[in-house]
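Participant: My questions will all concern the structure given below.
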Amino acid sequence: EEGDGRKSALLAPPSRSKLNNLMSLGLTNHKRKIMKGNKDNETKPKKAKTGKFGKFLAANTVLDLLKERKETKEVITLQHNVTVERALKTLNQNKITSAPVVLAASVLDNDANDFMGIIDAGEILRKLCRETRLLEEIQKIQEQKLNVDEKIEDCERAFETSCKEFWQRKLIQVCGQDVTLLPTVFADTDLKTLISQMLFDKSGNPIHRVALLNQAEVQALVTQSDVLKFLHQHKSEIGGILKEKIEDLGLYNPKKGVVTVTSDTIAMEAFHEMFQKNLSCLGIVDENGTMLGNLSVSDLRGLTVDRFSSLSHCVTEFLKISKALSRSFATVLNAQLNDLRTLAVNPGSTFEELLDLITKNRVHRAYVVDENCKPLGVITLSDVLLMLLKA
Numbered sequence: 239e240e241g242d243g244r245k246s247a248l249l250a251p252p253s254r255s256k257l258n259n260l261m262s263l264g265l266t267n268h269k270r271k272i273m274k275g276n277k278d279n280e281t282k283p284k285k286a287k288t289g290k291f292g293k294f295l296a297a298n299t300v301l302d303l304l305k306e307r308k309e310t311k312e313v314i315t316l317q318h319n320v321t322v323e324r325a326l327k328t329l330n331q332n333k334i335t336s337a338p339v340v341l342a343a344s345v346l347d348n349d350a351n352d353f354m355g356i357i358d359a360g361e362i363l364r365k366l367c368r369e370t371r372l373l374e375e376i377q378k379i380q381e382q383k384l385n386v387d388e389k390i391e392d393c394e395r396a397f398e399t400s401c402k403e404f405w406q407r408k409l410i411q412v413c414g415q416d417v418t419l420l421p422t423v424f425a426d427t428d429l430k431t432l433i434s435q436m437l438f439d440k441s442g443n444p445i446h447r448v449a450l451l452n453q454a455e456v457q458a459l460v461t462q463s464d465v466l467k468f469l470h471q472h473k474s475e476i477g478g479i480l481k482e483k484i485e486d487l488g489l490y491n492p493k494k495g496v497v498t499v500t501s502d503t504i505a506m507e508a509f510h511e512m513f514q515k516n517l518s519c520l521g522i523v524d525e526n527g528t529m530l531g532n533l534s535v536s537d538l539r540g541l542t543v544d545r546f547s548s549l550s551h552c553v554t555e556f557l558k559i560s561k562a563l564s565r566s567f568a569t570v571l572n573a574q575l576n577d578l579r580t581l582a583v584n585p586g587s588t589f590e591e592l593l594d595l596i597t598k599n600r601v602h603r604a605y606v607v608d609e610n611c612k613p614l615g616v617i618t619l620s621d622v623l624l625m626l627l628k629a
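Heads up: the sequence shown begins at 239 in our numbering, then just goes up one per residue.
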């Protein structure tokens with residue numbers, strides 16, 4: 239069953255006392271076994287770096303980060319048996335892009351809330367592209383000789399018919415695992431260990447967030463942005479690297495370039511390419527290859543069932559419809575990039591400038607462009623955190 243209809247059946251934000259409990263547990267039970275006694279999940283203490291920044295990472299913990307986080311973040315959870323449609327509505331109401339999925343209480347267990355995974359709009363769209371023929375139908379409609387209004391009408395009809403069953407699926411059928419399980423007993427884990435073992439898997443692939451658990455119940459989430467904000471607040475500890483140029487730090491590979499789509503690409507087609515290539519973003523360029531903007535999973539924020547048809551528009555129109563332009567910020571290079579909320583720097587920008595811009599504007603990446611605004615590379619939060627580990 240989907241729940242008893244109460245608001246609390248869908249939303250389960252822990253109280254402030256739970257966070258306090260998390261902190262006290264983390265300070266006193268560091269060496270406890272996690273995930274109900276599984277020894278393979280134990281984390282051994284790491285040896286601190288001898289440099290100033292290494293000592294700073296070793297001396298500060300997840301608990302310190304949580305205490306300094308300016309806003310108190312209640313963890314909005316979704317029960318495993320709610321529908322995709324209802325989940326999207328909840329994400330939109332709370333202005334978030336993802337949430338933990340927890341086990342709903344049953345007749346046999348009235349106090350469940352065990353963590354099961356993470357759901358976000360990107361994972362929902364990924365499954366939608368993979369398990370329906372919607373993308374193919376949208377592409378066929380766009381190729382037909384129809385006027386704009388006729389195409390919009392046909393696309394909306396395609397979404398309605400192709401996705402009707404999908405919207406009623408339970409979250410447990412679509413949720414992903416883009417998260418590392420971190421119990422509350424590790425609230426005193428140092429930041430070096432957090433970055434090296436909990437934001438990246440063994441292959442170095444970004445995980446983006448960690449979940450702090452008490453037994454199997456989510457108490458708090460820590461994201462890459464949270465870590466970078468904390469480091470920015472203490473950037474004096476980073477040292478001389480702040481003044482180095484980003485082109486000298488290996489933050490991007492100019493030979494690798496940037497995967498881009500043109501501004502007239504259908505948004506759903508662009509996201510599908512992003513998922514197939516396992517990317518977190520795509521650059522948007524004009525017919526001359528000049529940088530225009532950025533497309534990422536964050537742009538799916540606020541997308542509910544009745545708004546999914548906006549994915550049938552070209553990427554630039556989709557970004558406007560999805561309210562990606564609701565706030566602007568100043569780029570250090572070209573004011574035209576503000577049109578699609580894209581942050582860009584040049585190869586000669588310092589690491590401090592990059593850190594300031596990313597943190598101030600609350601973005602997950604910055605593009606590196608040349609004097610003609612042609613993309614040379616892209617720097618993500620994962621790139622920055624990996625570099626800092628080696629500093």
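Beta carbons are placed, not taken as given, at the ideal position from N, Cα and C, and that holds for glycine.
Check this for me: beta carbons of K296 and L326, under 9 Å apart or not?
Facilitator: Rather than Lys, the amino acid found at residue 296 in this sequence is Ala. No, these two residues do not count as a Cβ contact at 9 Å.
Participant: Quick one, which of Q462, V456, K612, F556 has its alpha-carbon nearest V496's?
Facilitator: Of Q462, V456, K612, F556, the residue nearest in Cα terms is K612.
Participant: Under 9 Å between the Cβ atoms of T335 and S536?
Facilitator: Contact: yes.
Participant: Return the residue from the list Q457, V616, D428 that minimises the CA-CA distance to G521.
Facilitator: The candidate whose alpha carbon is nearest that of G521 is V616.
Participant: Quick one: Cα of V606 to Cα of P585, how far?
Facilitator: About 6 Å.
Participant: Along the alpha helix (DSSP H) that carries G292, what are the first and last residues, could you check?
Facilitator: Start and end: 290-297.
Participant: For a test of the three-state rule: what should DSSP assign to G241, helix, strand or coil?
Facilitator: With a pLDDT of only 34 at G241, under the threshold of 50, the placement of this residue in the model should not be trusted; the figure read from the coordinates follows. Note: G241 maps to coil in three-state DSSP.
Participant: Going by C-alpha distance, which of V300, H470, I390, D594 is nearest R545?
Facilitator: Nearest option by C-alpha distance: I390.
Participant: For N204 and L429, I'd like the C-alpha separation in whole angstroms.
Facilitator: Outside the displayed range of the chain (239 to 629) lies residue 204, so it cannot be described from this structure.
Participant: Buried or exposed: where does G355 fall if 16 or more other Cβ atoms within 10 Å of its Cβ makes it buried?
Facilitator: So G355 counts as buried.
Participant: For S564, count the other beta carbons within 10 Å of its own beta carbon; 16 or more makes it buried, fewer makes it exposed. Which is it?
Facilitator: Because the pLDDT of S564 is 46, which lies under 50, any placement of that residue in the model is unreliable, and the number read from its coordinates should be weighed accordingly. Its Cβ having fewer than 16 others within 10 Å, S564 is exposed.
Participant: Ordered along the chain, which non-local residues of its own chain (more than five positions away) have a Cβ less than 7 Å from that of A454?
Facilitator: Only D352, F353 meet the Cβ criterion.
Participant: If contact is defined by three or more beta carbon pairs under 8 Å, each pair taking one atom from either stretch, is the region 451-467 in contact with the region 597-604?
Facilitator: Output reads yes: the region 451-467 touches the region 597-604.
Participant: I want to know whether the region 372-382 touches the region 475-493 - three or more CB-CB distances under 8 Å.
Facilitator: Segments in contact, no.
Participant: Under three-state DSSP, which class holds Q317?
Facilitator: Reduced to three states, the DSSP call for Q317 is strand.
Participant: Which of the three DSSP states is assigned to V393 in this structure?
Facilitator: The sequence given here has Cys at residue 393, not Val. Helix at C393.
Participant: Do you know offhand how far T462's Cα is from T500's?
Facilitator: In the sequence as displayed, the identity of residue 462 is Gln instead of Thr. Whole-angstrom Cα-Cα distance: 29 Å.
Participant: Leaving aside the five residues before and after V339 along the sequence, list all residues of the same chain whose C-beta is less than 8 Å from its C-beta, in chain order.
Facilitator: Closer than 8 Å at Cβ, skipping near neighbours: T315, L316, Q317, H318, F353, M354, G355, I356, I357, L409, I410, C413.
Participant: Three-state secondary structure (DSSP) at V448?
Facilitator: In this structure, V448 counts as strand in the three-state DSSP scheme.
Participant: Secondary structure at K628, three-state DSSP: helix, strand or coil?
Facilitator: K628: helix per DSSP, three-state reduction.
Participant: Where DSSP assigns a beta bridge to F353, which residues make up the other side?
Facilitator: Answer is V340, bridged to F353.
Participant: So, using beta-carbon positions, are L434 and L627 closer together than 9 Å?
Facilitator: First, the amino acid is wrong: residue 434 is Ser here, not Leu. Closer than 9 Å, so yes.
Participant: Alpha carbon to alpha carbon, how far is F509 from E394?
Facilitator: Cα to Cα, F509 sits roughly 18 Å from E394.
Participant: When the Cα atoms are used, what is the spatial distance from I504 to W405?
Facilitator: Those two C-alpha atoms are separated by around 22 Å.
Participant: What separation, rounded to the nearest whole angstrom, lies between the Cα atoms of H551 and Q471?
Facilitator: C-alpha separation (whole angstroms): 40 Å.
Participant: May I ask you to report which of helix, strand or coil DSSP gives E482?
Facilitator: Of the three classes helix, strand and coil, the one that applies to E482 here is coil, per DSSP.
Participant: Should S474 go down as buried or exposed, given a rule of 16 or more other Cβ atoms within 10 Å for buried?
Facilitator: It counts as exposed.
Participant: So the alpha helix (DSSP H) S534 belongs to, where does it begin and stop?
Facilitator: First-last for S534: 529-534, but that is the beta strand (DSSP E), not the alpha helix (DSSP H).
Participant: From T384 to A396, what distance separates their C-alpha atoms?
Facilitator: The question names Thr, but residue 384 in the sequence shown is Leu. Computed Cα separation, rounded: 15 Å.
Participant: Looking at C-alpha atoms only, which residue of C401, Q382, I362 is the closest neighbour of R371?
Facilitator: The candidate whose alpha carbon is nearest that of R371 is C401.
Participant: Are A425 and L459 close, meaning C-beta to C-beta below 9 Å?
Facilitator: Contact flag unset, no.
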